[in-house]
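Protein chains in written order, with the UniProt record's numbering: chain A, 1 to 211; chain B, 1 to 78; chain C, 1 to 247; chain D, 1 to 241. Glycine included, every Cβ here is placed at the ideal spot set by N, Cα and C. Below: the structure, in C-alpha cells.
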Amino acid sequence: MSEPLLQAVDLECERDERLLFQNLSFSIVPGTLTRVEGPNGSGKTTLLRILAGLNDAWSGDILWCGQPRGHDRESFHRNTLYLGHRPGIKPLLTPMENLRALMAGRRPVNDEVLAQALAGTGLAGYEHVPCRNLSAGQQRRVALARLLIADEPLWLLDEVFTAIDADGVQAIETLLKQRAAEGGAILVTTHHDLQVEGMGRITLGGGQCDE
Amino acid sequence: MAFDSFSAFIAMEGHGPYVWVCYAVFAVLLAGLMIWSVKRNQSALEDCQRRHDTESRASAKATGKAAASFTRVEIPQD
Amino acid sequence: MWQWFHKLGSPKWFFGIATRFMPWLLAGGLLLLAAGLVWGLAFAPKDYLQGNSYRIIFIHVPSAFLAQSIYISMAVAAVVTLVWRMKLADVFVKAIAPVGLIFTFLSLFTGAVWGKPTWGTWWVWDARLTSMLILLFLYGGVIALDRAINDEKSAARAVAVLVLVGVVNIPIIKYSVDWWNTLHQPATFKLTEKPSMPMEMWVPLLLSVLGLYLLFGWLACIRMKTEILIREQRTRWVKDMVLAGRK
Amino acid sequence: MNSSAHPLIKPVEQGVGPLSAMVAVFARDVRVAFRQRQDLLNPLLFFVMVVTLFPLGVSPEIGFLKQSGAGILWVAALLSVLLSLDHLFRHDFDDGTLEQLVLQPQPLFLLILAKTLAHWMLTGLPLVVLTPVLGVMVHLDGNSVAILCLTLLIGTPVLSLIGSIGAALTLGLRSAGVLLSLLIIPLYIPVLIFGTGTVAAAAEGAPVAGYLALMGAFLVLALTLAPFASAAALRISMSNS
Chain A
1 MSEPLLQAVD
11 LECERDERLL
21 FQNLSFSIVP
31 GTLTRVEGPN
41 GSGKTTLLRI
51 LAGLNDAWSG
61 DILWCGQPRG
71 HDRESFHRNT
81 LYLGHRPGIK
91 PLLTPMENLR
101 ALMAGRRPVN
111 DEVLAQALAG
121 TGLAGYEHVP
131 CRNLSAGQQR
141 RVALARLLIA
151 DEPLWLLDEV
161 FTAIDADGVQ
171 AIETLLKQRA
181 AEGGAILVTT
191 HHDLQVEGMG
201 RITLGGGQCD
211 E
Chain B
1 MAFDSFSAFI
11 AMEGHGPYVW
21 VCYAVFAVLL
31 AGLMIWSVKR
41 NQSALEDCQR
51 RHDTESRASA
61 KATGKAAASF
71 TRVEIPQD
Chain C
1 MWQWFHKLGS
11 PKWFFGIATR
21 FMPWLLAGGL
31 LLLAAGLVWG
41 LAFAPKDYLQ
51 GNSYRIIFIH
61 VPSAFLAQSI
71 YISMAVAAVV
81 TLVWRMKLAD
91 VFVKAIAPVG
101 LIFTFLSLFT
111 GAVWGKPTWG
121 TWWVWDARLT
131 SMLILLFLYG
141 GVIALDRAIN
151 DEKSAARAVA
161 VLVLVGVVNI
171 PIIKYSVDWW
181 NTLHQPATFK
191 LTEKPSMPME
201 MWVPLLLSVL
211 GLYLLFGWLA
221 CIRMKTEILI
231 REQRTRWVKD
241 MVLAGRK
Chain D
1 MNSSAHPLIK
11 PVEQGVGPLS
21 AMVAVFARDV
31 RVAFRQRQDL
41 LNPLLFFVMV
51 VTLFPLGVSP
61 EIGFLKQSGA
71 GILWVAALLS
81 VLLSLDHLFR
91 HDFDDGTLEQ
101 LVLQPQPLFL
111 LILAKTLAHW
121 MLTGLPLVVL
131 TPVLGVMVHL
141 DGNSVAILCL
151 TLLIGTPVLS
161 LIGSIGAALT
171 LGLRSAGVLL
181 SLLIIPLYIP
191 VLIFGTGTVA
201 AAAEGAPVAG
211 YLALMGAFLV
221 LALTLAPFAS
231 AAALRISMSN
241 S
C-alpha cells in the first residue's frame, strides 16, 4: 500500500535564468496529504505544473509507479487530477455544462451525479446559470465539484482555497483529509494555514527540501 | 583583364551602375553583419565580466535578504 | 559514436574548437571571396548575351546558395533540438537565422538589380524570385517568433517547430510557385537557355561560393559564441575563461 | 506494468476513448460558439467587406471583376480565416480549459484535430456557403462559382489546420495576432495559388480534376501532419506560461 505513486528524483528547474530548485527529491505515497510551502516566487506553482506534466523545462526524473513517467503517459494522465490557478471553467457555459465537459475526457458521469456534485459545493440552483454571472468563488466551486466525483488517486491542487469563503475552506479541508484517509495521494499549495495531522511538507525557497 | 582601361572597367559598357550598386550593397551588408557580430560578441564578454565583478563584490559582503515588512515609505517633503 | 555526439553538444567544447578555427575561416573566406570577386569583376570575359551585367552572378549565386543552405541547416538543427534537446543546436538556429535573412535579402536585391538591364524591369514575378521572397518571409517569421518569446528554451523549441513546418512547406511552395508561374507567365521574361559556362566564369564563381561559405562558417562561430556567453554566463567554465581572459 | 500496484489506480481502458473525447471537445467548442453568435458573424462580415473594397478601390468594371473575382474571394476568405485563428486557443488558454485538455489521457493531437475541425465548421464552412452570393456580385459565371466553392471547400480546412500551428506557437505572446499572420501567410501561399489557379484553369476550359486532386492531397497532408505540429507547439507554449 505504501508503494509511492509519484516520485521525483533530483528535480531541478530554472526559470528566466533563476534557479527555482535543485536536487529536489520526494515521493508521494497513497494515503497522504503533502503541502508544498515557500514564499511567493519560490516555484510552488511551477513544481505542481511540472509534476502534472504541463511544464517540461526541468531536469531530473519523475517516476510514475516506479517507472519513468514517459513510459505510460496515458495511465499517468488518467490517474492524475490537476487543478490550477485558472479553474478551467468556460464563462459562457453553465456549471452543469462545464462539469460535464471536464468529465467527458476522463469518465462519463450522468447528469444526476453531476447535479449532486454541484449541490455538494453549494451550487444547487445555479446549475443552469451561465458561469459568467457567477462570482469568482462560485466559479471556483464549479471546478472543485470535480473533487467530489474524481476517481483519480493523485490530486495536484494549486491554491485550492483561493476565493473560497471560510465555511467552504473548512469543508474542503475535511474533504482532503477524508480522501487521504481513503488512500488518495494529495499535493497542495496554499497560503491558507492548513493543519492536518501527519501532513508532509515540501519546502521550496531555500533550494532544499525536507519531507 | 577584360577591360581596356580603368574607366571602361567602371562604366562596364553602361552596366556599371547596376553592377557596382550590387557589389556595394553586398559589401556593406556583409561587412556590417561581420562588424555587428564582433561587437555583439565583445559586449557579451563585457557583460560577463561585469556580472562576475558585481557577484564577487556581492558575495564579499553577503547579507541575508530582508523580509518583506510592508511598511509605508516616507517621502521626504522639501 | 554517442560520446562523440554528446561532446559535440557541449558548449564548452564547441567554444574551444570555434576559437581555434575562426582565424582560418576568416582568412580563408576573405581571401577566396576577394580572389573570386576580383577575378569575376575584372578578368572574366563578358557574357555574349547579357554583356557585363552578368558579373552580378558572382555575388548573386553565392548569396542564393547560402540563403537556401542556411534554412536547410536550420531544419537539421531543429530536428536535433526537438529530438535530442542538444543545447548547441538551439544556439545554432538562433545565431544564424539573421544571417540567413540577410543573404536572402542580398540574393533578392542583386536579382532585382540584375533584372533591370536584362529584363528591362526591376521586379519580375519570376518563379525563382518569388520563391526567394517567400523564403525571406519564412526567415522573418522565425526571427519574429524567436524575439517574441522571452524564455530561451521555449523560444528555441517553438522556433524549431516553426522551422520544421517551413521546411516541409518549402518543396510545396516551390512546386506551386513554378506551376503558378507557367500558368500566368508567357515565356517572354525567361532567360534563354543558359550556355554552358566557360571555365573563366566558372572558376571565379566557385571561388566566391567557397569563400562565402567559409565566411558564413566564421559568422556562425562568432555568433554562436556570443549566444553561448549569454546563456552560460553563470557556469564555472565561462567564469574561469572570463577571468583568465582579463589577466 | 505494475500499474495495478495500487488498488485506486484506474486502467486506461476504463476511461474515455479518443473518439468520444474528440466528440466532447467538438461539441463544447460548438456550444460555446453558439452562446456568442456575434463572434461567428464577425469573420463573415469581414469577408464581405474585404470583397466590397475591390470594386470600390480598383474598378467596378465587369471585365476586371470577372477576371480577378476568384482571386479576390480567395484572398478575402484567407484573411478572414486568419483573423479568426487568434481565438482558436486563446479563450481556452485564458480560462484554463486548455490546461485540462493537455492533461487529458487521450492523444493531444486528436483533441486538437477536433478543435480545429470545430473551428473550420464555424468559420470556413460559412464562408463557403456565402461564396455564391459574393460570386454573383463579382460577375463570376455559374461554372466558376461552382469550382470556386469546391476549391474553398477543400482549401479552407487546410487554412484552419495550418493556422492551428501558428495559433499554438503564438499562444500567450504579446501582439500574437500580427505575429500569427507573419508566421502563417507564407505557408498559405500554395493553397492560395492552387485555389485560384484551379478556377482560372476552369475558366479557360481546361480540365480541373487533377488540380482538385492535388488540393485534396494538400488537405490529406495537412490533416495528418498539422495536428502533430500544433500539439508539439501547444506543449511548448504551455510550458512557457
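(request) Compute the beta-carbon to beta-carbon distance between leucine 37 (chain C) and serine 208 (chain C), rounded to the nearest angstrom, for a pair I have assumed lies under 8 Å. (result) 6 Å
(message) Can you tell me whether serine 20 (chain D) is helix, strand or coil according to DSSP?
(response) helix
(request) For the alpha helix (DSSP H) holding glutamine 116 (chain A), just list the boundary residues, first then last. (result) 111-120
(request) May I have the straight-line CA-CA distance separating serine 75 (chain A) from leucine 219 (chain C), to the nearest angstrom? (result) 48 Å
(message) Assuming arginine 50 (chain B) and threonine 226 (chain C) are in contact, meaning their beta carbons sit under 8 Å apart, how far apart are those beta carbons, in whole angstroms?
(response) Not a contact, Cβ separation roughly 16 Å.
(request) Could you tell me which residues DSSP puts in a beta bridge with serine 27 (chain A)? (result) Partner residues in the beta bridge of serine 27 (chain A), as assigned by DSSP, are A:Gln7.
(request) Please compile the residues from chain A whose C-beta is within a distance smaller than 7 Å of the C-beta of aspartate 151 (chain C). (result) Asp16
(request) Report buried or exposed for tryptophan 155 (chain A), applying the criterion of at least 16 other Cβ atoms within 10 angstroms of its Cβ. (result) buried
(request) Compare the C-alpha of leucine 93 (chain A) against each of A:Arg132, A:Glu17, A:Ser59 and A:Thr80 and name the closest. (result) A:Arg132
(message) I need the straight-line Cα distance from leucine 148 (chain D) to phenylalanine 54 (chain D), nearest angstrom please.
(response) 18 Å
(request) Name, in chain order, the residues that DSSP records as bridge partners for glycine 200 (chain A). (result) A:Thr34
(message) Against chain A, with Cβ distances strictly below 8 Å, would isoleucine 112 (chain D) count as a contact?
(response) no
(message) So that I know if they touch, is there some Cβ in chain B lying closer than 8 Å to that of lysine 116 (chain C)?
(response) yes
(request) Kindly identify the DSSP beta-bridge partner or partners of threonine 189 (chain A). (result) A:Val36 and A:Asp158
(request) State buried or exposed for asparagine 52 (chain C), treating a residue as buried only when at least 16 other CB atoms are found within 10 Å of its CB. (result) buried
(message) Would you say alanine 163 (chain A) lies against chain E (beta-carbon separation less than 8 Å)?
(response) You won't find chain E in this structure, because its protein chains are A, B, C and D.
(request) Inspect the beta-carbon positions of arginine 146 (chain A) and leucine 102 (chain A) and report whether they are closer than 8 Å. (result) In contact: arginine 146 (chain A) and leucine 102 (chain A) (Cβ atoms closer than 8 Å).
(request) Check whether the region 60-79 of chain A touches the region 53-73 of chain D, counting contact only when three or more Cβ pairs, one atom from each stretch, lie closer than 8 Å. (result) no
(message) Residues of the region 58-80 of chain C in Cβ contact with chain D at a cutoff of 8 Å, in chain order, please.
(response) Of all residues in the region 58-80 of chain C, none has a C-beta nearer than 8 Å to a C-beta of chain D.
(message) Just checking: is the beta-carbon of isoleucine 89 (chain A) within a distance shorter than 8 Å of some beta-carbon in chain D?
(response) yes
(request) Please check if any C-beta of chain D sits within less than 8 Å of the C-beta of residue 302 (chain C). (result) Absent from the model: residue 302 (chain C). The displayed extent of chain C is 1 to 247, so no value can be given.
(request) Kindly list, in the order they appear in chain D, the residues whose Cβ is closer than 7 Å to that of alanine 157 (chain C). (result) In the sequence on display, residue 157 (chain C) carries arginine and not alanine. Chain D residues near arginine 157 (chain C): Ile236.
(request) Check whether the region 214-233 of chain D touches the region 100-112 of chain D, counting contact only when three or more Cβ pairs, one atom from each stretch, lie closer than 8 Å. (result) Result yes; three or more Cβ-Cβ pairs closer than 8 Å.
(message) So, with DSSP's three-state summary, where would you put glycine 60 (chain A)?
(response) DSSP, read as helix, strand or coil, puts glycine 60 (chain A) in strand.
(request) Could you check what DSSP says for residue 213 (chain A) in three-state terms: helix, strand or coil? (result) Chain A is shown from 1 up to 211; residue 213 (chain A) falls before or after that span and cannot be answered.
(message) At a CB distance below 7 Å, what residues from the region 11-28 of chain B approach chain C? Give them in sequence order.
(response) Met12, Glu13, His15, Tyr18, Val19, Val21, Cys22, Tyr23, Val25 and Phe26
(request) Using a Cβ-Cβ cut-off of less than 7 Å, list which residues of the region 24-54 of chain B approach chain C; keep chain order. (result) Val25, Phe26, Leu29, Leu33, Met34, Ser37, Val38, Arg40, Asn41, Ala44, Leu45, Cys48, Gln49, Arg51 and His52
(request) Please name the residue or residues paired with glutamine 67 (chain A) in a DSSP beta bridge. (result) A:Trp64
(request) Using the Cα positions of alanine 21 (chain D) and leucine 5 (chain A), report the straight-line distance between them to the nearest angstrom. (result) Distance between the alpha carbons of alanine 21 (chain D) and leucine 5 (chain A) is about 26 Å.
(request) Can you grab the Cα-Cα spacing for the pair residue 259 (chain C) / tryptophan 58 (chain A), in whole Å? (result) No answer is possible for residue 259 (chain C): it lies beyond the span of chain C, which begins at 1 and ends at 247.
(message) Please confirm whether tyrosine 126 (chain A) has its beta-carbon closer than 8 Å to some beta-carbon of chain D.
(response) no
(message) Within the continuous alpha helix (DSSP H) that includes glutamine 67 (chain D), where are the two ends?
(response) 62-85
(request) Take every Cβ of the region 168-184 of chain A, pair it with every Cβ of the region 28-39 of chain A, and state whether three or more of those distances are shorter than 8 Å. (result) Contact holds: three or more Cβ-Cβ distances are below 8 Å.
(request) Ignore the nearest five residues each way along the sequence and tell me which others in glutamate 204 (chain D)'s own chain have a CB closer than 6 Å to its CB. (result) none
(request) Kindly say whether alanine 24 (chain D), judged by its beta-carbon, lies nearer than 8 Å to any beta-carbon of chain A. (result) yes
(request) Let me know the secondary structure DSSP gives aspartate 165 (chain A) once reduced to three states. (result) coil
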